[in-house]
Amino acid sequence: MPEKPDTKKPIQILRERRGGVPRELIERNRQQAAIRRKLAEVLQSASKTVPELAQETGLPTHEVFWHLMGMKKYGKVAEGKEREGYFEYELIQ
Amino acid sequence: MDKSQAQDPLREADNGATAHTLRIGVYVCHCGGNISDVVDVERVVQAASGLSNGVVTRHYPAMCSETGQNLIIDDISNEKLDRVVVAACSPSLHEHTFRAAVARAGKNAYLYEHVNIREQVSWCGKSDPDGATNKAIRLVGAGVAKARLLRPLAPISMDAKRHVTVVGGGVSGLRAARDLARIGLAVTLIERSASLGGHMAQWHLVYPTEDKARDLLRELVDEVIGDPNITVHTRAEVIEASGYVGNFLLRVEPEHITVETGAIVLATGFDLYQPQEGEFGYGQYPEVITLDQLERMLDPEGPTSGRLERNGRAVNNVCLIHCVGSRQIEGIHQPGPDGKLNEYCSRVCCTATLRAAGEIRRRFPRTNVFELYRDIRTYGRGHEEYYDEASRLGVLFCRYEADRPPVVSPAEPKKGPGLICAKHPPGRSGKLNLVPFSAEEPDDSALVVQVKDTLTFGEELEIPADLVVLVTGMVPREIDTLVDQLKLSRSADGFLQEVHPKLRPVELAVNGLFVAGTCQAPMDISESCAAGSAAAAKAAALLASGRIELDPFLAPVDLDVCRGEGKCVEACQYQKAVTLVEVERDGRKVRHAEVNSALCNGCGMCTAVCPTGAIQVEGWRLDQFDAMVDALVADYAETEVSHA
Amino acid sequence: MHHDKIDTDALVIGGGIAGLQAALDLADQGFRVLIVEKQPSIGGKMIGLSKVFPTLDCCSCICTPRMAEAEHHPNIAIMTYTEVRHVRREGDRFIADLVKKPRYVDEDKCTGCRLCEYACNTELPHEFEGDLGVRKAIYVPFSNAVPQVALLDLENCILCGRCEKVCPVGAIDFLQQPQETVVRAGTVVVATGYETIRTDFKKEYGQGRLPNVLGALQVERLLAPHGPYGRVLRPSDGKVPDSIAYVQCAGSRDRSAGVSYCSRVCCMYAIKQAMLLCGTLPLADITIYYMDIRAFGKGFEQFYQNAKAMGIEFVKAKVASITEDQQQNPIVRIEVIEEDGRVEQRQHDMAVLSLGLVPGWDPREVGLAAPAPDGFIRCTQPMIAPCRTPDEGVFVAGCAAGPKDIPDSIIEAGAAAMEAAAYLHEHTHVAGKETTTTCMK
Amino acid sequence: MLPADRAQVPKILILATEACAYPGADNVGQIHAEYPANTYVVRVPAPVMFSEPFYLHCFEKGIAGIIVMSCGHECPYPGAYDTLATRISRVHELMGERGIQTNRLRLCAVCTVCSKAFLKEVHQMHELLTSTV
Amino acid sequence: MSTRVHPELHRDIARFGGDDITKCMNCGNCTAVCSLAGDGAVFPRKTIRYMQLGLKDKLLASPEPWLCYYCGECSDTCPRDANPAETMMAMRRWLTAEYDHSGRGRRLYTSEKAVVTTILKAAFIPLALLLALHAVTGFQRIVTDRVELNTFAPVMWVWAVVLLHFAFLGYHLMMNALHMIQHIMKPEDPEAKVPWAAYLLELKSLAIHFITQKRWRECGEEHDGQWLTHLLLVSGYVIMLVLVVGMLGWFQTDNIYPVYHPQRWLGYYATLVLIYASAAMLIGRFRKRTQVHRFSRPTDWLFPSFILVGAITGILVHAFRYAGWPWPTYGMYLIHVMAMVAMLDSEVGIGKWAHMIYRPLAIYLMNVKKRTQNQAVPEAGALPTN
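Structure follows, in structure tokens:
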């Protein structure tokens, strides 16, 4: 039985108006989540600097750094001590 | 919130609470790290919460922000706060902000105490964070101690004269006067010299429009003179000033007039730097002149009818030396007669010089022009174009270091080395309107200027000069009478000091006094006009309603305590600010002191001599100071950080 | 579509420091003012700066009170995230068509608690942080934004609905539409500010592709208390930079970049940033490559001399090119003019382009007179009435009329307010004395 | 550190005028010049409001040194500076009577940009107090 | 000791094309952007600065103008929209004129009339000589029923005149080069002497640079095309010179060599290359797309035009001979010779020959100086990174 338009939730109406959510946006979200997960995994064992994280994850340093800063801003990661010009980052449990 | 309470600001809002049961909110600001990088704000908050009244204690990254202020406002209503203490930057910046926030919450704005833990704690104690934290704790303690004794105060509102006096009839003064008159305020314009226009009247063409200065000025002067709202006094000077914001009284000589005025705009202008005897040959060689003299020479209505000549001879080489009397450096430059160095940049000279240099090249193409500079500062709109244009016209630039200034000396009477290529016939002249190249270049310039040029790999260059022009900057004008009478403050460079360069750039420390133009700092015509208008805007806002609200920090008398001894009357320096009056009290005639709040300045001369403590400056009561001192020496053993 | 009508004395276009000051100076004289700001918060460029020269005051300490004052002023109304579509004259009045862009968040309900922001899973480069930091698809613009209200970046939103679920006040409004407003005003003050030239303006400077070559506004964010990294680190790998180069006149005084004028503020902000960097990175070497140091304002020269005394290196040279090595260290190529004129390639950890200021807005877009050849608003009487524009009754303040520092912008804002006030007096006979509060939301 | 030790950190009270010395003290902070943390600047409109006993009480309470930083002859209040100077001399006399070192109370003029003068005064007083206490 | 400035000098240099040096604000961008600047030779700003100040001695002593190959990068990026590359070109013209004490160079550069009269005069010489020859022999020697060029222009006579002409030009060139050496090697410190060994040891580099002009390649890959065109042109030009000057007795022959004969294909190669390169240059100057071609002066058009004329007339001589048309062959031959003599006469003093000598000579002298200063000779452009 088809839903009446006026009972639809606003978000559904908006989704329809947009003709669905673009695939690349969803894909980007998935990738971002994967990177954050990966970084969190590596940091689980010990705190690490950006070059170390890049080496272990195989991601470019600037990408690691950017995501790390996001995780720091939203309270997932904290800055540790400085080691040879780089700061260590640790997971907030 | 009880409505009547909010309406009557003087009503005791403390609901019978004693000083030690008042509910006080203490807020410690991080100032985005400015404070919290040095001071352990959490410890400060912890200490504050240990105080008997510390009901709400918080720290926050930026108390002055919207969120920070809302924090206070919410707490006042949710936690029923009686007093608020914020420990943040200097009160000169944000005391007002937080008073306003307290008022928005419906509290009396004066139930607020500001503690300075930035300028006087974190910024001056970086290498001793523990000491700074302890200091902050004690200062917050003192703030709370004072807060306990705060009383609600009502701002004093009084009538203001809808009249502005503009001192100085230069371009900024004219601009300010005209703007104020346009919105219907009465204006008195007082000019020391015989005519209006100031320095600008002396100039010929002005950057960046190449307008004739006198034409621009005439337009403005005509407007001012034709304006019925403006009274102009020339050859007049303010010799005495009294009164206060909204009601100043100025005595103007020699006309013996008295001006009652609500606000004063100071637009007293600048003086040109006078080179010292022997500075770059000034006073030694007649060929050494200053830029304003060159401007006069270039003026067709000037002394040489616009001809570029010196001692009756055409000028083939002009050498302009920048930064004479500006950008002086200790250890390199000689202080002036007043022992002061002009460390500042005079801002207008670069573009003015380039303009003049370009004009010389255009009007006298055979005259070589050299500019010896330190930095070319063509910062403004249309200014860089002058630099560009002067270059294109063939002005030659050399750059000298402050510690290796150019040396001006008389030329040796000899022939120059000459140039070989002259034997060839001249070719077709190109775009530059070339003149034939002569080998027999006569080396007959009167002077030579030697300069170590950093653009030529440190080469020592020798420049012929028939005219050496010293580009002199601006210096503060001698206005000692006004400074004395109006209690003006000056900045280190001697110009008038605004309250804050960004928050209040055209206001002076004394309420009701505004500053416009070059008495504040070097600026050009356009900037002077903008400053004139900006000062006018502030004066207009002040006098818009015809009423002025003043801080209530005056010295009222506690009639219960006053014994009418009159010591305060003797001590008071303000005529009739405090007087003894006889009144009937409980059927008896008693004498007691009475304060005129419009005349009282709140200096507290009376407070010290009062035998009974009956007369106190509100907001600065002696018991409050006593309490603060007590708090400073109190024991904070649990929260103070011990030194390692 | 929802239509609103507003009647006011003065319309101020732009809610940066110049617009705010002009609005305050008019409102203090009793005029009703409407400030229209296209960004989601007022504060303009200034609110994003760290500290200000030459006093080194904390910038938000100076800017936030102005923002708060404007917000609370009984005579001032503010519309953020709103664009001016058209301005036309009708008799003595101006009629302006405004469009308020949808935030997809109800401004009245939102408390700025940021729960939605934390809940959102989409991370994006934060424009306010010069793209260096991270924001979410729904976010409060920045910590001291006015108003403190979230907005949803619909273009990047995957419409998962988390924000709606966590919002404690039900402020998320997915169906919000652009809202049109017609304003009748007696005068207009244009305070539309500036933009910095794009980092890719010059192929010799890496065309914006070198990660450790930053624009000066990005460095302001790095230095600001709530900056994207919380400290100064370089973006390529988060290293603490030991050696930082300032490249002056990057997009100013350079005809090959299409900008012939001086941007006026770059010398001073570079010196200021250098001093602040000296403070946060005491071991770092800082070099400023300049053509002329233009420290012309009150206290500026002394500031410059202090910077020299602090050990900041000033090298007179126009940087010809910036390249990078394997470790992405920028390498600048210069002629050492003041010595023997040799050419040197100097390696730094980070290079900062002191980007020039270019116009942020074309007045023709809304039907106002064409700008001057430099692209900034044309001033008809630059000498004695610097705020007047070719459109009578329209006045200009701040960087909209050419690059300017904060004190000069504030003074000019005062001047524009004065001109506007006088114009109102002369043309619409507004009493303007009584304090009247405009009621609009 | 024990409370007893802490008492040995001599406290300096600075009475700074609102118009000159207080902004002057701010200025010292603005240029990030450092001085000992045991100094407490209290803002006053004009120190002329304090009577002689005020100073004596301060010393009794445990303040080790007081610097009165006025505007000097640039004082915005007419006559206040001279009155203040006379009063401070009187306090010095009273201090002498009570056996308090008179140089523990100083009167000086500090303007809004006198950071050097401010620092000199503070360092001098600090030295005096730490060497005698 | 201070250096007197002579700002009038730039008015003189402006006649050689350097008329926008006044735009310069000495920011140093041009020098820093130049991939050839560095390693002791910094330009163009240094040269421009000396021009602004009129420091003639310093300009004459500067090898820098010869080290610039006009890639135009400095002009593309000049903040003041000036054209330092063209200024360097103007400087080369001025220096050429200054090295030439006869005054011919200066006349040719600064007067279009002088260019025309020089060309006409030079072109008249072969015509006059040939007329004189045939007047003496009563026009009887010329074979007209078939093509026999040597009866029209006897090769041994022609060769003798060519050799004489070359001796004259060569002497001229040698003297100019000598003046250049004198100026550049004039020691700042009169005590300092450059050892002869230094001159000898650097001869190899002189030869290499002379043949390859390889420094040009350091301008950057995008300019390799220009360098290659130039190299082709030079190769064609040199081959032609060798054929004409060194081997005219075999080159100008009425026996047509077989196709596989080296002289045939060398000649063809040289002609093709000359046509291609000169046409490319002319088209470039016409379009003004690249920096190097934006500011052509009359003298800049001269050389490629002559080359093109020479090559085409040469082909026509060849073709007419194949066709067996005696008079067109002889006429075309005369035109060809007239053009080539005019070219050599006008070009040696001012242009292309000169710079082929001056450029490698400048590099050579720099290297000699450097060797004297007991420094290693690093590759230009390879700057130390510090």
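Residue numbers (the working numbering), protein chains in the order written: chain P, 1 to 93; chain S, 1001 to 1644; chain H, 2001 to 2441; chain R, 3001 to 3133; chain B, 4001 to 4386.
Virtual Cβ for every residue (Gly too), placed ideally from N, Cα, C.
Remember, it's a predicted structure, so these values are computed and weren't measured experimentally.
In the displayed model, B/Tyr4199 falls within a helix according to three-state DSSP.
Here B/Tyr4171 is exposed: its Cβ has fewer than 16 other Cβ atoms, across all protein chains shown, within 10 Å. The distance from the Cβ of S/Pro1155 to that of S/Leu1550 is about 6 angstroms, consistent with a contact at the 8 angstroms cut-off.
Sequence-distant partners of H/Thr2181 (beyond 5 residues in either direction) whose C-beta falls short of 8 angstroms from its own C-beta, in its chain, are His2003, Asp2004, Lys2005, Ile2006, Met2079, Thr2082, Asp2097, Leu2098, Val2099 and Lys2100.
In this structure S/Ala1176 is buried. Its beta-carbon is surrounded by 16 or more other beta-carbon atoms within 10 angstroms. Between H/Pro2407 and S/Pro1505, the gap from beta carbon to beta carbon is short of 7 angstroms. Excluding the 5 residues flanking it on each side, H/Ala2171 has same chain C-beta neighbours closer than 6 angstroms at Val2105, Asp2106, Lys2109 and Cys2110, in chain order. The contact set of H/Val2052 on chain S, defined by CB atoms closer than 7 angstroms, consists of Lys1502 in chain order.
Proximity to S/Arg1192 across S/Ser1172, S/Val1232, S/Glu1237 and S/Glu1219 peaks at S/Glu1237, based on C-alpha coordinates.
Counting every other CB atom within 10 Å of its CB across the protein chains shown gives R/His3123 a total below 16, marking it as exposed. Shown here, B/Lys4121 sits in a helix according to DSSP, grouped into three states.
DSSP places S/Ala1631 within a helical segment (H, G or I) once states are collapsed to three.
Listed in chain order, the positions of the segment 2339-2369 of chain H with a beta carbon within less than 9 angstroms of a beta carbon of chain B are Asp2340, Gly2341, Arg2342, Val2343, Glu2344, Gln2345, Arg2346 and Gln2347.
Under DSSP, H/Gln2347 forms a beta bridge with H/Ile2331.
The Cβ-Cβ distance between S/Val1451 and S/Pro1522 does not fall below 7 angstroms. Per DSSP, the unbroken beta strand (DSSP E) holding R/Ile3063 starts and ends at Ile3063 to Ser3070. Taking a cut-off of 8 angstroms on C-beta distances, the segment 1550-1563 of chain S touches the segment 1603-1617 of chain S, as three or more cross pairs fall below it. Secondary structure at S/Phe1514: strand, using DSSP grouped into helix, strand and coil. If you compare the alpha carbons of S/Arg1347, S/Ile1376 and S/Leu1467 with that of S/Ile1360, the shortest gap goes to S/Leu1467.
At a C-beta separation below 7 angstroms, B/Arg4321 has no neighbours in chain S, since its nearest C-beta there lies roughly 44 angstroms away. For the segment 2164-2224 of chain H, the full-length beta strand (DSSP E) segments reaching 3 residues or more read 2179-2185, 2187-2190, 2194-2196 and 2213-2215 along the chain. Taking a cut-off of 8 angstroms on C-beta distances, the segment 2268-2278 of chain H does not touch the segment 2356-2363 of chain H, as fewer than three cross pairs fall below it. Looking at the backbone, the Cα of S/Val1121 and that of S/Gly1143 are separated by about 14 angstroms. Restricting attention to S/Val1318, S/Tyr1386 and S/Ile1376, the CA atom closest to the CA of S/Asn1368 is found in S/Val1318. Cβ contact annotation for S/Tyr1386 (same chain, cutoff 8 angstroms, sequence separation greater than five): Tyr1207, Pro1208, Thr1351, Leu1354, Arg1355, Gly1358 and Thr1378, in chain order. When only Cα atoms are considered, P/Val50 and B/Cys4034 end up about 37 angstroms apart.
Among the residues of chain S, those whose CB is under 7 angstroms from the CB of R/Thr3083 are Met1605, following chain order.
By the Cβ-count criterion, B/His4261 is exposed, with fewer than 16 other Cβ atoms from all chains shown falling within 10 Å of its own Cβ. Note on geometry: alpha-carbon atoms of H/Glu2392 and H/Leu2024 lie some 22 angstroms from one another. When Cβ pairs closer than 8 angstroms are counted between the two stretches, the segment 3036-3056 of chain R is seen to touch the segment 3014-3024 of chain R, the count reaching three or more. In the DSSP assignment, no residue is bridged to S/Arg1235. Neighbourhood of S/Asp1299 in chain B, by CB distance below 7 angstroms: empty, with the nearest CB roughly 26 angstroms away. Between the alpha carbons of S/Arg1588 and S/Asn1247 lies a distance of about 37 angstroms.
Here the C-alpha atom of P/Ile35 lies approximately 16 angstroms from the C-alpha atom of H/Lys2136. Residue contact with chain S for H/Lys2298: present (Cβ-Cβ distance below 7 angstroms to some residue of chain S).
The residue from S/Asp1075, S/Val1449 and S/Val1515 with its alpha-carbon nearest to that of S/Leu1372 is S/Val1449.
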